[in-house]
Amino acid sequence: MSENHTGAALLGVAIRQIFPHVQYLGSGVDSLGFYAEFSDSEPFQQAYLPMLENAMKKLQNTSARLMEMLPQNAAEFLSHHKEKELAKQLQHASGTVYIAQIEEFFDIVEKQPREVGRFSLLKFEQKGSKVRVQGSAFKTEKELKTFLKKYRQYPQKNHAYLAKELDLYENANWHPRGMRLRQVLIEMWRKELAKAGFEQVETADPFGYFQETKREQFCYFDGQEDHIYSFQKDGWNSCLQCIEKWVKIFGFECEKISVSSRRIELRIADGIGRYWTGPYIEQEKGTIHFSLFGSLERFIALLLEKHEGKLPFALAPEQVRLLPFEGVDCEPVIEIFNQLEIRSSVEERPGTLKEKMHRALQAKVPYVMVFGKREEKTAQMTIRAYGSSQEMRMTLEEWKQLLAEQKIEI
8 MSENHTGAAL LGVAIRQIFP HVQYLGSGVD SLGFYAEFSD SEPFQQAYLP
58 MLENAMKKLQ NTSARLMEML PQNAAEFLSH HKEKELAKQL QHASGTVYIA
108 QIEEFFDIVE KQPREVGRFS LLKFEQKGSK VRVQGSAFKT EKELKTFLKK
158 YRQYPQKNHA YLAKELDLYE NANWHPRGMR LRQVLIEMWR KELAKAGFEQ
208 VETADPFGYF QETKREQFCY FDGQEDHIYS FQKDGWNSCL QCIEKWVKIF
258 GFECEKISVS SRRIELRIAD GIGRYWTGPY IEQEKGTIHF SLFGSLERFI
308 ALLLEKHEGK LPFALAPEQV RLLPFEGVDC EPVIEIFNQL EIRSSVEERP
358 GTLKEKMHRA LQAKVPYVMV FGKREEKTAQ MTIRAYGSSQ EMRMTLEEWK
408 QLLAEQKIEI
């Protein structure tokens, strides 16, 4: 049993100790850590979290008794001990279930509770009378501190915040900069498959596929799924190597999970260490199908969180922003951008140079070029890289060489 499973059981006990009048609904683990839920007509307050955390710490050294039962017997046992909501959760259970007893309280668990290590309660959510308290647990104090630092910074580093700041997308709507990022990734996807020896075909409409699978699927996201018809013995290994290489290209922290004998998933960590399904490979009825993205939207979200919005030059939807002064001829510079297929823009909105620089900084554009009379006369560019306070001066040829080198790096 993980630290989070034990944390969930301790939180469940702490809630019933401090708030004996509430209706306890159960506990569990999720991608953030552990949680426990209960129903209460009174509003929950932030000040209650330290109270619960202290109660959990006092329970850490309390031994737990584990009972293995058939679901029906467990439901009757819980009902007898006035845990009717827990008993309801076992109505459709199969096999055997585990009931843990800590002091006079009972809960449904997966395995024998063990030492919880270090934990912290993070937040609570209340909808109507239902309250969920959320926490996270780790083996060591160092791991907990590292997580808490990331968690506190996450509101300004999560993909939704970054996407809005970078003007990529908002809600379900992709903006022009976001569409360019999608196109960049899809083009990389095509090239990577071609290098691996795959040829592309395309069907007219995926409707028939979803109709035949007879699954309830939310089909809005772009899966970019590749169906490989292979009769070669090494087909599976070739496809697996392809998705593993793809994840390495982007430098993601990931783990490989064998979901079944026929499916392997690469799960990618987000900004606070939660793992989400990314590329996968699956074999069914002689057909290998795999996806380098999983979901393109999720892949982009994880990419934003990995880089905290500062995308590498090769991926940036806008690689260079040109800030020209009035009356100068920018055509030689724009011609270089066109020759090298650089994704560039010319800042034409009104404002001072400082204001224009600030807008480019907010959009995290890798390079900003100032082009005025001095640059036009000397044929030397004034360039500032994102994250640097120093300006660079270089000739058009030097600038061209720098851009060419940056294009191939991720």
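Just remember that this note's numbering sits 7 ahead of the position in the sequence shown, which is counted from 1. Note that beta-carbon positions come from the ideal geometry of N, C-alpha and C, so glycine has one too. Since the model is a prediction, treat every value here as computed from it, not as a measurement.
Assigned secondary structure, residue i (DSSP; H/G/I helix, E/B strand, else coil)
i	result
E194	helix
A323	coil
A370	coil
Q108	strand
G35	strand
T147	coil
P50	coil
A392	strand
S267	strand
Q30	strand
D89	Going by the sequence as given, residue 89 is Lys instead of Asp. In this structure, K89 counts as coil in the three-state DSSP scheme.
L113	Inspection of the sequence shows that residue 113 is occupied by Phe rather than by Leu. It is a strand residue.
A411	helix
Q141	strand
V254	helix
C226	The predicted position of C226 is uncertain, since its pLDDT is 43 and thus under 50; a value taken from the coordinates is nonetheless stated next. In the structure shown, C226 sits in coil (DSSP, three-state: anything other than H, G, I, E or B).
E260	coil
CA-to-CA distance, residue j to residue i, given in whole angstroms
i	j	result
K156	G334	49 Å
E289	I295	6 Å
C226	S302	Annotation note: pLDDT 43 at C226 (below 50); position unreliable, no value reported.
V129	K152	Reading the sequence as shown, one finds Leu at residue 129 and not Val. Computed Cα separation, rounded: 13 Å.
K263	G242	19 Å
C249	W283	19 Å
R184	Q326	11 Å
F300	L347	27 Å
L360	R281	41 Å
Q369	L310	18 Å
R381	P162	43 Å
V20	L73	15 Å
K407	W253	28 Å
L318	V372	9 Å
F306	G285	7 Å
E92	Q79	14 Å
K221	R274	The predicted position of K221 is uncertain, since its pLDDT is 49 and thus under 50; a value taken from the coordinates is nonetheless stated next. Their backbone Cα atoms lie some 26 Å apart in a straight line.
F332	Q387	15 Å
T147	R350	46 Å
L322	I193	11 Å
F228	E304	Caution is warranted here: a pLDDT of 47 is assigned to F228, below 50, making its placement in the model unreliable, and no coordinate value can be reported.
S70	Q96	25 Å
S267	E398	54 Å
L66	E251	43 Å
E223	H88	Confidence at E223 is low in this model, with a pLDDT of 47, below 50, so its placement is unreliable and no value can be given for it.
L410	R391	13 Å
Nearest-angstrom beta carbon gap, residue j and residue i [assumed within contact, 8 Å]
i	j	result
A81	Q24	Wrong, their Cβ atoms sit about 23 Å apart, outside the cutoff.
R197	Q207	7 Å
S136	S48	6 Å
M376	L329	5 Å
S46	V29	6 Å
G14	A201	Actually they are not in contact, since the Cβ atoms of G14 and A201 sit about 48 Å apart, beyond 8 Å.
A94	S101	Rounded, the Cβ-Cβ distance is 16 Å, inconsistent with contact.
Q43	I22	First, the residue type needs correcting, since residue 43 is Ala and not Gln in the sequence shown. That pair is a contact at about 6 Å.
L59	V140	7 Å
M76	I115	That pair is no contact at about 10 Å.
N165	G258	Wrong, their Cβ atoms sit about 19 Å apart, outside the cutoff.
P324	R125	Not quite, the Cβ-Cβ distance comes to about 41 Å (not below 8 Å), so this is no contact.
N11	G33	At roughly 15 Å, the Cβ-Cβ gap does not stay under 8 Å, so N11 and G33 are not in contact.
Residue i, enclosing beta strand (DSSP E) - first and last residue
i	result
E315	First-last for E315: undefined, no H or E at that position.
A43	F41 to S46
S127	R125 to K134
L273	R270 to A276
P286	Y282 to E291
L73	A71 to M76
F297	T294 to S298
E398	E398 to T402
Delimiting residues of the alpha helix (DSSP H) encompassing residue i
i	result
A62	Y55 to L66
I22	E10 to I25
T103	Note, T103: premise wrong, no alpha helix (DSSP H); not H, not E.
E382	K380 to T385
Neighbour flag for residue i against chain C, beta carbons, 8 Å
i	result
G135	The structure shown contains no chain C; it is built from a single protein chain.
Alpha helix (DSSP H) runs wholly inside the region 322–366, at least 4 long, in chain order
338–346
Which complete alpha helix (DSSP H) runs does the region 154–187 hold, if anything under 4 residues is left out?
166–172
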